[in-house]
Amino acid sequence: MENIVKNEKRRDFLKASGTVAGGLALGFYLPSGPRVAQAAEAGSSPNAWVRITPDNTVTVLVARSEMGQDVYTSMTMLVAEELEVDINKVKVEIAPPAEVYINSLLGGQVTGGSTSVRDGWEKLRKAGASARMMLVAAAADDWGVAAARCKAVDGVVTGPGNQRATYGSLAAKAAQMEVPKDVPLKPANEFKIIGNVRQKRLDTAAKVRGTAQFGIDTRIPGMAYAAVVLAPTFGGKVASYSDARAKSFPGVKDVVQFSQGVAVVADSYWTAKKALSTLNVRWDGGPNANIDQASIWENMEAASHEAGAVFREHGDIDTGMANAASIVSAEYRLPFLSHSPMEPMNCTADVRADKAVIITGTQFQQLVPHVVAGATGLKPEQVEVHTTFLGGGFGRRLEMDFPIAAAEISKAAGMPVKMVYSREDDMTHDSYRPAGIYKMNAGLDDKGNLSAVRFHSTGPSISARMFPSVVKDGIDPFSVEGIDNFPYTADGGLRFTYQMHDTGVTVGYWRAVSHNQNAVALESFIDELANAAGKDPIQYRMDMLDMGSTKHQWSGLAAGVAVGPRIRRALAQVRAKSGWGKKMPAGRGQGVAVMEGYNSVIAIVAEVTVSDSYDVQIDKVTTVVDAGTLVHPDQALAQIQSSLNFGQAACMLGEITIQNGGVEQDNFDTYRVTRINEAPKTLNIHFIKSNSVPGGLGEPATAVIQPAIANAIFAASGKRVRTLPYTPENIGAA
Amino acid sequence: MKVAFQVNGKRTSADVAPDTPLLWVLRDTLGLTGTKFGCGKALCGACTVHLNGMAIRSCQTPVGSVAGQKVTTIEGLGGNHRVQRAWMALDVPQCGYCQPGQMMSASALLAMNSNPSDQDIDAFMSGNICRCGTYPRIRAAIKAAARMS
Numbered sequence: 000m001e002n003i004v005k006n007e008k009r010r011d012f013l014k015a016s017g018t019v020a021g022g023l024a025l026g027f028y029l030p031s032g033p034r035v036a037q038a039a040e041a042g043s044s045p046n047a048w049v050r051i052t053p054d055n056t057v058t059v060l061v062a063r064s065e066m067g068q069d070v071y072t073s074m075t076m077l078v079a080e081e082l083e084v085d086i087n088k089v090k091v092e093i094a095p096p097a098e099v100y101i102n103s104l105l106g107g108q109v110t111g112g113s114t115s116v117r118d119g120w121e122k123l124r125k126a127g128a129s130a131r132m133m134l135v136a137a138a139a140d141d142w143g144v145a146a147a148r149c150k151a152v153d154g155v156v157t158g159p160g161n162q163r164a165t166y167g168s169l170a171a172k173a174a175q176m177e178v179p180k181d182v183p184l185k186p187a188n189e190f191k192i193i194g195n196v197r198q199k200r201l202d203t204a205a206k207v208r209g210t211a212q213f214g215i216d217t218r219i220p221g222m223a224y225a226a227v228v229l230a231p232t233f234g235g236k237v238a239s240y241s242d243a244r245a246k247s248f249p250g251v252k253d254v255v256q257f258s259q260g261v262a263v264v265a266d267s268y269w270t271a272k273k274a275l276s277t278l279n280v281r282w283d284g285g286p287n288a289n290i291d292q293a294s295i296w297e298n299m300e301a302a303s304h305e306a307g308a309v310f311r312e313h314g315d316i317d318t319g320m321a322n323a324a325s326i327v328s329a330e331y332r333l334p335f336l337s338h339s340p341m342e343p344m345n346c347t348a349d350v351r352a353d354k355a356v357i358i359t360g361t362q363f364q365q366l367v368p369h370v371v372a373g374a375t376g377l378k379p380e381q382v383e384v385h386t387t388f389l390g391g392g393f394g395r396r397l398e399m400d401f402p403i404a405a406a407e408i409s410k411a412a413g414m415p416v417k418m419v420y421s422r423e424d425d426m427t428h429d430s431y432r433p434a435g436i437y438k439m440n441a442g443l444d445d446k447g448n449l450s451a452v453r454f455h456s457t458g459p460s461i462s463a464r465m466f467p468s469v470v471k472d473g474i475d476p477f478s479v480e481g482i483d484n485f486p487y488t489a490d491g492g493l494r495f496t497y498q499m500h501d502t503g504v505t506v507g508y509w510r511a512v513s514h515n516q517n518a519v520a521l522e523s524f525i526d527e528l529a530n531a532a533g534k535d536p537i538q539y540r541m542d543m544l545d546m547g548s549t550k551h552q553w554s555g556l557a558a559g560v561a562v563g564p565r566i567r568r569a570l571a572q573v574r575a576k577s578g579w580g581k582k583m584p585a586g587r588g589q590g591v592a593v594m595e596g597y598n599s600v601i602a603i604v605a606e607v608t609v610s611d612s613y614d615v616q617i618d619k620v621t622t623v624v625d626a627g628t629l630v631h632p633d634q635a636l637a638q639i640q641s642s643l644n645f646g647q648a649a650c651m652l653g654e655i656t657i658q659n660g661g662v663e664q665d666n667f668d669t670y671r672v673t674r675i676n677e678a679p680k681t682l683n684i685h686f687i688k689s690n691s692v693p694g695g696l697g698e699p700a701t702a703v704i705q706p707a708i709a710n711a712i713f714a715a716s717g718k719r720v721r722t723l724p725y726t727p728e729n730i731g732a733a
Numbered sequence: 366m367k368v369a370f371q372v373n374g375k376r377t378s379a380d381v382a383p384d385t386p387l388l389w390v391l392r393d394t395l396g397l398t399g400t401k402f403g404c405g406k407a408l409c410g411a412c413t414v415h416l417n418g419m420a421i422r423s424c425q426t427p428v429g430s431v432a433g434q435k436v437t438t439i440e441g442l443g444g445n446h447r448v449q450r451a452w453m454a455l456d457v458p459q460c461g462y463c464q465p466g467q468m469m470s471a472s473a474l475l476a477m478n479s480n481p482s483d484q485d486i487d488a489f490m491s492g493n494i495c496r497c498g499t500y501p502r503i504r505a506a507i508k509a510a511a512r513m514s
């Protein structure tokens, strides 16, 4: 049974189809082209958000990858709110790749860009509401009463004459009811699940008991384990190796070469790992074999003298600068960073002659069948993908290196394998947050107000490698975030340019992507301007704000809303909540930063103590967040706690450097991340009450904490540190 | 070579090379995948288990060295241990990958110190990395667990 309704006005499609089990499967989705219509006609049951079976099991399919950010619960809450079921009895399944699950804000089935809840905000509630309306219609039809006289509560429909039917008993018939065209949604004041401050995560029990299945926990029949040795240089290739000794190890099943290196396949990971050291692999270093950090900076500095491509401009910058009473100039440098999630990259692959099964923690399951097809000669439709829990993602699991490697190894060895990177493999074969050079000049009028501004960044483009089609006229939109939406006024002239510059180092999307670099540069620089003008940094920002601009970064649903007033309100609150301007002992200081990103506004005041030897202790962080409606408030809080930690690790400790064509840091001793003793003792986080559409929460605070710390270091020590990370060496040299 | 020891109260043996890290014996040989691989060098704490009640890093512990001794993993904590109850009450985990190691460290800490201060927690727990930044909740959950009987 299948029923397709096309709503011409919204170009939405609804589809309901009876599942094999006689239950209700309902998909609601936005089309991206003719392929979607075909998928709908095919009527395959995975095209669904909700499944109800006669035994009253309600299953919600979550089509984003759970990597800590709570999609498992928050997206389920959206469906359950309108479906009228007890969310704590709902079964959650991670959805397979399918067109229906494409993220409208990103154009693919991708988890990233702080989009999951924003993308699902309307479509998941409508999916829940549509299913409920069909269940009610089925009951009304059975009882011969008007649907309006029936009510759905807690998985049960009741009628005017005390009739009662469970969702399970109605599911088969509901699947045959007409899919509703108009699906009214509850107003915010009727929400029972959305916004519930007591709602617990649905995945906590499994994660606390050790039963949650991450990619690395996969076990399938006949599975062998693969350990790998990967090229030590970017673009390096295997020249030769010797497998004789490895093959003599008890338990070793095979030694195979694959596109990225050599793998030992054995009956345990440890056996495979031990045998690796006997392979004596020789490498062809490739085109980047001689790059090192000094030459990378030298070449990037040279490239930064190019004019670059303009991404935002008004007035004539030269006239604006000529008319200024004073000029302030600064240059910031940010290093490469590693993602280093706690679960090293891994993938289980079972490649057969006519079929492949891939089990892994990926942020981009839609792409996996295509790359596995490319690696094995199979067709994408012959590749089945299962997404597990992700032991951290942060953008690293958007990459396809690990599914490709596992598929190639499984095919070559002729058996199912679980391939696991060592921490060293993972850290030296990451896709790194791009290093960059950020040059800024500002013209101030005689009162110190910003009158003209020039911003010029130079660095590698991530999208040029991963999604070249989004790079237009020399601009990678993922390189200009957090500056493209510059929120201040500069009436005398503004010119923002970006110079793309490849370094040979593989770069990747890293939590908050280019917001990090651009917000560090901009929000530190604005602090420099306030200081030059002799003004309070919060008041200066408020005075310079452009109150009319509606330019959000990746706003999605918030088009038309003025940004300036949102930023002003967040600054005012953070000033009040942080005790801004209070008297501090010597060596202690406060710093502020603010940014709009992913349709959320974040304002932060950091309070730090800087010792005589420039060791920095972060004493207190006050954060104000305007992220619209909070679907799962406690986990909104968790995401801010998380982002602050991630940003702190980046700006205080993070630095990847290159030597002999490869990465120098290879474990948590040489690439330090924040530990519990370094976490601020006081993290005050305040959310601005709002009924607006949800803003993104997983990323933006990651960027804002960094310049807030830099500005606090300046307030505490008088040191303006423009080279990251904020180590004693870099602060001392400032 | 067979190494005999106790895991979660049960006698067990593994027919592996004695230099095999306990981590891989637990995960690959015994199928106890709650204990996680993070760094392989005792730098991150994801592989923390108890050896005779003390927290150890199983990635740096050759299985041969635990012969005849008692190993407890997250699966053996029982599911209702006060640390696990506190972790659930405060929804500590995000991605969750480091949490078995965090809880094994926290339970070992509480076994020695029934009322740990912030400094005690920092000192004992700084060997366990969490990239999701659940540290404020870990601290709060350890204190909550300390108050439970």
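Sequence order for the protein chains is H and E. In terms of the working numbering, the first sequence has 432 at position 433, counting the first letter as 1, and numbering is strictly consecutive. When you read off a place in the second sequence, starting at 1, and then add 365, the result is the number in the working numbering. The beta carbon of each residue, even a glycine, is placed where N, CA and C say it ideally should be. Since the model is a prediction, treat every value here as computed from it, not as a measurement.
Our contact map puts residue 458/E next to residue 400/E with C-beta atoms below 8 angstroms; I'd like the distance itself, whole angstroms only. Not really, about 15 angstroms apart at Cβ, beyond 8 angstroms.
To the nearest angstrom, report how far apart residue 232/H and residue 647/H are at their CA atoms. 29 angstroms
If you drop the 5 nearest sequence neighbours on each side, which residues of the same chain put their C-beta closer than 8 angstroms to that of residue 724/H? Answer for residue 724/H: 334, 649, 650, 651, 652, 653 and 654, listed in chain order.
In the DSSP assignment, what are the bridge partners of residue 60/H? 92/H
Proximal residues to residue 259/H (C-beta, below 7 angstroms), its chain only, five neighbours per side dropped: 229, 230, 400 and 404
Against chain E, with Cβ distances strictly below 8 angstroms, would residue 596/H count as a contact? no
Measuring CA to CA, which of 126/H, 274/H, 170/H and 541/H is closest to residue 745/H? Nothing about residue 745/H can be read from this structure; chain H reaches only from 0 to 733.
Option nearest residue 683/H by Cα separation, candidates 283/H, 147/H and 637/H: 637/H
In this structure, how does DSSP classify residue 220/H when only helix, strand and coil are distinguished? coil
Using the beta-carbon of each residue, which ones in chain E are nearer than 7 angstroms to residue 339/H? 496
Using a Cβ-Cβ cut-off of less than 9 angstroms, give me the residues of the region 369-384 of chain E that come near chain H, in sequence order. Within the region 369-384 of chain E, the qualifying residues are 381, 382 and 384.
Taking only three categories from DSSP, how would you classify residue 325/H? strand
Put residue 487/H into one of helix, strand or coil per three-state DSSP. strand
Could you work out which residues of chain H lie near residue 465/E, taking near to mean beta carbons separated by less than 8 angstroms? 209
Anticipated Cβ contact below 8 angstroms, residue 711/H with residue 518/H, distance rounded: No, residue 711/H and residue 518/H are not in contact; Cβ-Cβ is about 15 angstroms, not under 8 angstroms.
Please tell me whether residue 398/H and residue 503/H are closer than 8 angstroms, where the distance is taken between their beta carbons. Contact flag unset, no.
Residues near residue 358/H by beta carbon distance below 6 angstroms, same chain, minus five either side: Closer than 6 angstroms at Cβ, skipping near neighbours: 217, 347 and 385.
To which residues of the same chain is residue 446/E closer than 7 angstroms at the C-beta, ignoring the five residues directly before and after it? 472
Cα-Cα separation, residue 715/H to residue 587/H: 5 angstroms
Buried versus exposed, by CB contacts within 10 Å (16 or more), residue 180/H: exposed
Which residues, taken in chain order from the region 655-683 of chain H, show a beta carbon closer than 9 angstroms to some beta carbon of chain E? 666, 667, 668, 672, 673, 674, 675, 676, 677, 678, 679, 680 and 682
What first and last residue would you give for the beta strand (DSSP E) that runs through residue 534/H? Segment: none, residue 534/H is in no beta strand (DSSP E) and carries neither H nor E.
Would you list the residues sitting across from residue 599/H in a DSSP beta bridge? Bridge partners of residue 599/H: 596/H.
Residues bridged to residue 313/H (per DSSP): DSSP output for residue 313/H lists 493/H as bridge partner(s).
Ends of the beta strand (DSSP E) at residue 453/H? 449-458
Range of the contiguous beta strand (DSSP E) that encloses residue 368/E: Its beta strand (DSSP E) spans residues 367-372.
Within 8 angstroms, strictly: CB atoms of residue 368/H and residue 422/H: no
The region 110-144 of chain H: positions lying closer than 7 angstroms to chain E by Cβ: none
Determine the DSSP secondary structure at residue 268/H, reduced to helix, strand or coil. helix
Rounded C-alpha distance that separates residue 39/H from residue 223/H: Per-residue confidence for residue 39/H stands at a pLDDT of 34, beneath the threshold of 50, marking its modelled position as unreliable; the derived number appears in the next sentence. Residue 39/H and residue 223/H have their C-alpha atoms roughly 38 angstroms apart.
Quick one: does residue 439/E have its CB under 8 angstroms from some CB of chain H? So yes, residue 439/E belongs to the interface.
Using a Cβ-Cβ cutoff of 8 angstroms, what residues of the region 66-87 of chain H are near chain E? List them in chain order. 66, 67, 68 and 69
Since residue 113/H contacts residue 522/H with CB under 8 angstroms, what's their CB separation in whole angstroms? Contact flag wrong, Cβ pair sits at about 19 angstroms.
Can you pull the chain H residues whose beta carbon is under 8 angstroms from the beta carbon of residue 513/E, in chain order? Per Cβ cutoff of 8 angstroms: no residues; residue 513/E is ~14 angstroms from chain H at best.
Report yes or no: do the region 431-442 of chain H and the region 94-108 of chain H share at least 3 C-beta pairs separated by less than 8 angstroms? no
Burial state of residue 513/H (16 or more Cβ within 10 Å): buried
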